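Remarks on the structure that follows.
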Amino acid sequence: MKILQQLLIILGFTFVGKVLQVALHLPIPGSVIGMVLLFVGLTRGWVKESQIALVSDYLLEILSVLFIPAGVGLMMYFDLVKNSFVSLVIILLVSFVTSLLVVGRTAQFVKKRQGGTAKASKEEPAID
Amino acid sequence: MIDYLSKEPIFGVILTIVVFMFFRMLGNKFQWKWLNPLAFSILAIILFLNMTGISYDNYYVGAKYVDMFIGPATVALALPLYRSLPLIKKHAASIMISVGIGTIFNILMVLLLSAMFKLKEPLMLSLVPKSVTTAIAMDLSTQIGGVAAITVLSVITTGVLAPLCAEPILKMFGIDDPMAQGLALGTTSHAIGTSKAMEMGEVQGAMSGLAIGIAGIATVILAPILTNLVDVLIG
Numbered sequence: 016m017k018i019l020q021q022l023l024i025i026l027g028f029t030f031v032g033k034v035l036q037v038a039l040h041l042p043i044p045g046s047v048i049g050m051v052l053l054f055v056g057l058t059r060g061w062v063k064e065s066q067i068a069l070v071s072d073y074l075l076e077i078l079s080v081l082f083i084p085a086g087v088g089l090m091m092y093f094d095l096v097k098n099s100f101v102s103l104v105i106i107l108l109v110s111f112v113t114s115l116l117v118v119g120r121t122a123q124f125v126k127k128r129q130g131g132t133a134k135a136s137k138e139e140p141a142i143d
Numbered sequence: 002m003i004d005y006l007s008k009e010p011i012f013g014v015i016l017t018i019v020v021f022m023f024f025r026m027l028g029n030k031f032q033w034k035w036l037n038p039l040a041f042s043i044l045a046i047i048l049f050l051n052m053t054g055i056s057y058d059n060y061y062v063g064a065k066y067v068d069m070f071i072g073p074a075t076v077a078l079a080l081p082l083y084r085s086l087p088l089i090k091k092h093a094a095s096i097m098i099s100v101g102i103g104t105i106f107n108i109l110m111v112l113l114l115s116a117m118f119k120l121k122e123p124l125m126l127s128l129v130p131k132s133v134t135t136a137i138a139m140d141l142s143t144q145i146g147g148v149a150a151i152t153v154l155s156v157i158t159t160g161v162l163a164p165l166c167a168e169p170i171l172k173m174f175g176i177d178d179p180m181a182q183g184l185a186l187g188t189t190s191h192a193i194g195t196s197k198a199m200e201m202g203e204v205q206g207a208m209s210g211l212a213i214g215i216a217g218i219a220t221v222i223l224a225p226i227l228t229n230l231v232d233v234l235i236g
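Going down the list, the sequences are from chains A and B. Taken in order, the first sequence gives residues 16 to 143; the numbers are from my numbering. Taken in order, the second sequence gives residues 2 to 236; the numbers are from my numbering.
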């Protein structure tokens, strides 16, 4: 029963997210709306971590497998990809490397400025 | 006979799981970092279906039940995000600013390069969500007019770039702060980047993990706006 209850909560949030997306014509995927709702629910204490942890962790563990069917769908789009293959690889590589640097540099910059103004606390980013 | 049996729903499910487990075990056994089980499973199954002459439709009779759980799994991503809440609160400014700017830059870069290479529009739109976690990327792709299958492949390719080249690049450009390294990896290469970040250290791993969720939400909100904007500007 425990697993069924947990699954029901997760499926419930998924469906409510979809309903909201359709009803409000939102340009955001229903599953993402469901995720945000569950996140809010957890922070507000409406849903307890122990009420969903078992099924959530299970779903996240098998996450990779879930994408295989969609990926195999590529076999239907070979022609579209084939002609632009080299451009695709270049776009992916260049945007990855530059974005990596932009995020890293920005994070370092903001952190240093904060450290400089706010009484130079030499705080190590400890996990707590 | 093959046609009849491959329409059996269990066939698609078993094929999906068996092939994935095979590559996962292979990668673990030989410690091959480049062997991404998802990418190899997809290619192997495409090859298998082509060789046996089984159609995608037949495979999907069963595979759709695997597909179906992407939605609930996306919702479940709320849990790791919730678990990292203390960390998010502590470094709110650095996280929000760097992930936000990075997401905007990333999307614009994809649109700009796609325009330069004169990519067809559905292809371009399929690439826009390539840095976020597959679950979110797929849905978003369909939403803005892309092709989910191409998005999945671009997400995986982007992810695999992280273990291949991220560490030397970060070092070369003086990004040595563990927090910055983690945020950079999670924002640009989702869960695969995060597994690389975990290898680099505990702080990197945690930061990368929470960046996945934040970058995902930021991309969902920003992608439609930015694609429209660029569309208006470039035409």
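The beta-carbon is built from N, C-alpha and C at its ideal position, and this holds for glycine as well. Being a predicted model, the structure only gives us computed values, none of them experimental.
Residues near residue 117 of chain A by beta carbon distance below 8 Å, same chain, minus five either side
As a position in the first sequence, residue 117 of chain A is number 102, starting the count at 1. Excluding sequence neighbours, residue 117 of chain A sits near nothing in its chain.
Residue 17 of chain B CB to nearest chain A CB: under 7 Å?
Reading the second sequence from its first residue, position 16 is the one you call residue 17 of chain B. Yes, residue 17 of chain B lies at the interface with chain A (some Cβ there is under 7 Å from its Cβ).
Do the segment 82-99 of chain B and the segment 22-41 of chain B touch if we need at least three Cβ pairs shorter than 8 Å?
no
Can you pull the chain A residues whose beta carbon is under 7 Å from the beta carbon of residue 23 of chain B, in chain order?
On the second sequence, residue 23 of chain B is found 22 positions in, with the first residue counted as 1. Neighbours of residue 23 of chain B on chain A: none; closest Cβ ~12 Å, over 7 Å.
Taking DSSP as the reference, what is the three-state secondary structure of residue 169 of chain B?
The count along the second sequence starts at 1 and reaches residue 169 of chain B at position 168. Looking at residue 169 of chain B - three-state DSSP - the assignment turns out to be helix.
Near-chain A residues of the segment 135-151 of chain B (beta-carbon distance less than 7 Å), N- to C-terminal order
135, 136, 137, 139, 140, 141, 144, 148, 149, 150 and 151
Is there a Cβ of chain A sitting closer than 7 Å to that of residue 195 of chain B, yes or no?
Taking the first residue of the second sequence as 1, we reach residue 195 of chain B at position 194. Chain A contact via Cβ: absent.
Determine the direct distance from the alpha carbon of residue 24 of chain A to that of residue 38 of chain A, and round the result to whole angstroms.
In the first sequence, residue 38 of chain A corresponds to position 23, counting from 1. In the first sequence, residue 24 of chain A corresponds to position 9, counting from 1. Whole-angstrom Cα-Cα distance: 21 Å.
When the Cα of residue 59 of chain A is compared with those of B/200, B/228, B/86 and B/28, which residue comes out closest?
To locate residue 59 of chain A, count along the first sequence from 1; it is residue 44. Of the candidates B/200, B/228, B/86 and B/28, the one whose C-alpha sits nearest the C-alpha of residue 59 of chain A is B/86.
Listed in chain order, which residues of the segment 16-27 of chain A have Cβ atoms closer than 7 Å to some Cβ of chain B?
25 and 26
So, at 7 Å on beta carbons, what are the nonlocal neighbours of residue 64 of chain A in its own chain, with the 5 sequence-adjacent residues on each side left out?
The residue labelled residue 64 of chain A in the question sits at position 49 within the first sequence. 57.
Return the chain-ordered ranges of every beta strand (DSSP E) run that is complete within the segment 24-53 of chain A and spans a minimum of 3 residues.
none
Distance between beta carbons of residue 129 of chain B and residue 156 of chain B, contact taken as under 8 Å
The sequence position of residue 156 of chain B within the second sequence is 155, counting from 1. The sequence position of residue 129 of chain B within the second sequence is 128, counting from 1. Incorrect: roughly 11 Å between the Cβ atoms, too far for contact.
Could you check whether residue 164 of chain B and residue 204 of chain B sit closer than 7 Å to each other, using their CB atoms as the reference points?
The residue given as residue 204 of chain B occupies position 203 in the second sequence. The residue given as residue 164 of chain B occupies position 163 in the second sequence. Not a contact, by the Cβ cut-off of 7 Å.
Starting from the C-beta of residue 231 of chain B, find all residues in its chain whose C-beta is less than 6 Å away, skip the five residues before and the five after it, and write them out in chain order.
What you label residue 231 of chain B is simply residue 230 of the second sequence in a count that begins at 1. So the qualifying residues of the chain are 112.
Compare the C-beta of residue 67 of chain B with all C-beta atoms of chain A and state if any pair is closer than 7 Å.
As a position in the second sequence, residue 67 of chain B is number 66, starting the count at 1. Chain A contact via Cβ: present.
Local conformation of residue 136 of chain A per DSSP, three classes
Numbered from its first residue, the first sequence carries residue 136 of chain A at position 121. Per-residue confidence for residue 136 of chain A stands at a pLDDT of 43, beneath the threshold of 50, marking its modelled position as unreliable; the derived number appears in the next sentence. Reduced to three states, the DSSP call for residue 136 of chain A is coil.
With 16 other Cβ atoms within 10 Å as the buried cut-off, status of residue 139 of chain A:
Residue 139 of chain A sits at position 124 when you count from the first residue of the first sequence. A caution first: residue 139 of chain A carries a pLDDT of 48, below 50, which makes its placement in the model unreliable, though a value can still be read off. Exposed: under 16 other Cβ atoms inside 10 Å.
By the criterion of Cβ-Cβ separation under 8 Å, what are the contact partners of residue 107 of chain A in chain B?
Indexing the first sequence from 1 puts residue 107 of chain A at position 92. In chain order: 128, 131, 155, 158, 159 and 162.
DSSP on residue 32 of chain B, reduced to helix/strand/coil?
In the second sequence, counting from the first residue as 1, residue 32 of chain B sits at position 31. Note: residue 32 of chain B maps to coil in three-state DSSP.
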